[in-house]
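Novice: Just dropping this structure here.
Residue numbers (the numbering used here), protein chains in the order written: chain A, 2 to 487; chain B, 1238 to 1407.
Dropping the structure here:
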């Protein structure tokens, strides 16, 4: 709170006023003080010369009386000094230093000083003292000693101080008023400038301009500020325009793209769907041909028929894959918390029942929980586990490990198998549809499984990558971001 | 040390002298002081001596000897003891002894003619045409002035002297 009162926080107006007033106060004080000092000096000199004149006159008058030792006459002469109120004491000495006559004004009868010791003269303390020889034709016939109080001087100087400082204060008030009016010349443009800068910073309103006063530095500052704001305004306008253009372009592109996407999906769906009917006809009539007319065909004919039926089955699988792929691309997501470990156990059980009786060792880390669309996640992990199953089918012993690694911003599920693996050269092709690293003779497949997995993971804003070397098994990592997990 | 004691003794002697000055010491001092306040309208020549003459019996003893050679208003004082009035034509200041009280009119006439300042301690001296007369008021020595006589003798008396006089005959 006290910080508010520190000078850094004072407005420019106050600082300017303070500067002006402190300088004028200093000046007025110096002038008043020197006036008082000079007046004191002058008044002292005047007083001194007056007293000297008085003393001269009285000394001359008393010369004769001193010579004739006429005390009465001396008393008469010096009692004329009673008229001057400030005279404290007067002593008249004869030539041998004896007091001939004395006048004590203020009741306290002070003794005349002994002239054997020269008394102090001049302004001493509250008194002015003077000692004057009384001469006649150049001969000293006695001494005249006078003490005057300085109350008149004191009163005069006090009155002078009062008057001087009153005038000083009056001048100061006038100066303060003038300074208050004149400081606006400087502080007002600066205040308007800072006010405008603050408003621009707060409201981002670049149309604000400050009024320009005169041609001085402040005027130049104001016009430079206006120019600067003008430039910023134009640039801002350009930026906004280009941003709007960009947004419009993006929106156009997005709508075009989504339209194309939708058309593509509709196309692939209808293609897969419509392809099924002729395929089913081929398959159905193939079966009928085999059952009804199988006997009439020779060995080669039966082999051909068998091959036609196998091809239709493969094509059915392809169409199924395409449908799944198009579904995971199109389907609306239904996000919830899933027990991935339990889901994987189920898939493994199904696989164990439906396939070869190879000694199989599957370990799944319990309690892996992810958030996502249950059906999609299931499709993805079904594909991954099926792959693991498939590419380990030529082993003596099948081993599959599923582990999860949780990081603050993500969870990564790793599926490790001991299958045939793949060459890391082709890792880029792994997740592209219809790309296969093995021939159908080696391992059957549609080339759509990992593409589907990739699509599912990406729809969950995750990523998938794989590590492998030939004949050394493969490991697939699926990483889901934590933001999706909440 | 000796010097200091000597100085102290001198001071003591001086002080005692000052405090108990005899009547004629005072009168002799006055005599000198009169010369400082009175001017002669026609001085014989600038810087000429002022001759103090004592006519008749001298009551001062040797006190007037101190005045011999002193300077008053630029004129050196001289001292003379004329035997008779006729011998005293060079005098400017004439002290008339008490014994001459019977010859006063002649003396004052002579003095007026010769621009002489007449001084005396004879009672009623100023009424008799003398210029300055000593009077005694108790223990204090004062003087009175016959200004008319002074003016007719061509003497100018300083007003400050007149102020100090007990009586001034105009």
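Each residue gets a CB set at the ideal place from its N, CA and C atoms; glycine is no exception.
Quick caveat: nothing in here was measured; it's all calculated off a predicted structure.
Can you give me the C-alpha to C-alpha distance between residue 176(A) and residue 219(A), rounded to a whole angstrom?
Specialist: 24 Å
Novice: Does any residue of chain A bring its CB to less than 7 Å from the CB of residue 1310(B)?
Specialist: yes
Novice: Starting from the beta carbon of residue 1392(B), find every residue of chain A whose beta carbon is closer than 9 Å, and list them in chain order.
Specialist: Within chain A, no residue comes near residue 1392(B); the closest Cβ sits about 16 Å away, beyond 9 Å.
Novice: Around the C-beta of residue 440(A), are 16 or more other C-beta atoms found within 10 angstroms, so that it is buried, or is it exposed?
Specialist: exposed
Novice: Look at the alpha carbon of residue 1333(B) and the alpha carbon of residue 135(A), and state the distance between them as a whole number of angstroms.
Specialist: Rounded to whole angstroms, residue 1333(B) to residue 135(A) spans 32 Å at the Cα level.
Novice: What does residue 1376(B) touch in chain A if you count any residue whose Cβ is under 7 Å from its own?
Specialist: Under the 7 Å cutoff, chain A gives no residues; its nearest Cβ is about 12 Å from residue 1376(B).
Novice: Hey, does residue 74(A) have any beta-carbon neighbour from chain B nearer than 7 Å?
Specialist: yes
Novice: Among 364(A), 339(A), 37(A), 338(A), which one has its Cα closest to the Cα of residue 350(A)?
Specialist: Ranking 364(A), 339(A), 37(A), 338(A) by Cα distance to residue 350(A) puts 364(A) first.
Novice: Quick check on residue 112(A): does DSSP put it in helix, strand or coil?
Specialist: coil
Novice: For chain B, find out if any of its Cβ atoms is closer than 7 Å to the Cβ of residue 127(A); answer yes or no.
Specialist: no
Novice: When the Cα atoms are used, what is the spatial distance from residue 29(A) to residue 182(A)?
Specialist: 20 Å
Novice: Spatial neighbours of residue 166(A) within its chain, please: CB distance less than 7 Å, with the 5 preceding and 5 following residues excluded, ordered by chain position.
Specialist: Within the same chain, residue 166(A) has close Cβ partners 33.
Novice: For a minimum of 4 consecutive residues, which ranges assigned as the alpha helix (DSSP H) are wholly contained in the segment 326 to 395 of chain A?
Specialist: 341 to 355, 375 to 392
Novice: With DSSP collapsed to three states, give me the class of residue 1277(B).
Specialist: strand
Novice: Per DSSP, what kind of secondary structure is residue 1(A) in: helix, strand or coil?
Specialist: Summary: the structure shown does not reach residue 1(A), with chain A confined to residues 2 through 487, and so no result is reported for it.
Novice: Give me the Cα-Cα distance between residue 263(A) and residue 334(A), rounded to the nearest whole angstrom.
Specialist: Between residue 263(A) and residue 334(A), the C-alpha separation is close to 17 Å.
Novice: Put residue 1245(B) into one of helix, strand or coil per three-state DSSP.
Specialist: A caution first: residue 1245(B) carries a pLDDT of 45, below 50, which makes its placement in the model unreliable, though a value can still be read off. Looking at residue 1245(B) - three-state DSSP - the assignment turns out to be helix.
Novice: Residues of chain A with CB under 8 Å from residue 1401(B), in chain order?
Specialist: 65, 66, 69, 71, 74
Novice: Using a Cβ-Cβ distance under 7 Å, would residue 1398(B) count as near chain A?
Specialist: yes
Novice: From this set, 428(A), 448(A), 360(A), 343(A), which residue's C-alpha is nearest residue 384(A)'s C-alpha?
Specialist: 448(A)
Novice: Note down, in chain order, every chain A residue with its Cβ under 7 Å from the Cβ of residue 1270(B).
Specialist: 68, 69
Novice: Spell out whether any CB of chain B is found under 7 Å from the CB atom of residue 138(A).
Specialist: So, interface residue.
Novice: In the DSSP assignment, what are the bridge partners of residue 1290(B)?
Specialist: DSSP lists 1317(B), 1331(B) as partners of residue 1290(B).
Novice: Looking only at its own chain, which residues have a Cβ that is under 6 Å from the Cβ of residue 1313(B), when we skip the five neighbours before and after it?
Specialist: 1286
Novice: What separation, rounded to the nearest whole angstrom, lies between the Cα atoms of residue 1251(B) and residue 68(A)?
Specialist: Here the model assigns residue 1251(B) a pLDDT of 42, short of 50, so the residue's position is not dependable, and the following value carries that caveat. Their backbone Cα atoms lie some 18 Å apart in a straight line.
Novice: Is the CB of residue 1250(B) under 7 Å away from at least one CB in chain A?
Specialist: The pLDDT assigned to residue 1250(B) is 43, lower than 50, so where the model puts this residue is not dependable; a value taken from the coordinates is nonetheless given after this. It does not: the Cβ of residue 1250(B) has no partner Cβ on chain A nearer than 7 Å.
Novice: Could you compute how far the alpha carbon of residue 1331(B) sits from the alpha carbon of residue 1354(B)?
Specialist: 6 Å
Novice: For a quick check, are the C-beta atoms of residue 56(A) and residue 145(A) less than 7 Å apart?
Specialist: Yes; because the gap between Cβ atoms is below 7 Å, this pair is in contact.
Novice: Spatial neighbours of residue 401(A) within its chain, please: CB distance less than 6 Å, with the 5 preceding and 5 following residues excluded, ordered by chain position.
Specialist: Correct list, in chain order: 363, 389, 418.
Novice: Tell me the residue span of the alpha helix (DSSP H) that contains residue 282(A).
Specialist: 218 to 294
Novice: Below 8 Å on the Cβ atoms is my contact criterion, and I expect residue 1369(B) with residue 1356(B) to pass it. Report the Cβ-Cβ distance as a whole number of Å.
Specialist: 5 Å
Novice: Between which two residues does the alpha helix (DSSP H) holding residue 450(A) run?
Specialist: Going by DSSP, residue 450(A) is part of the alpha helix (DSSP H) stretching over 450 to 460.
Novice: Any idea which residues DSSP pairs residue 143(A) with across the strands?
Specialist: 95(A), 135(A)
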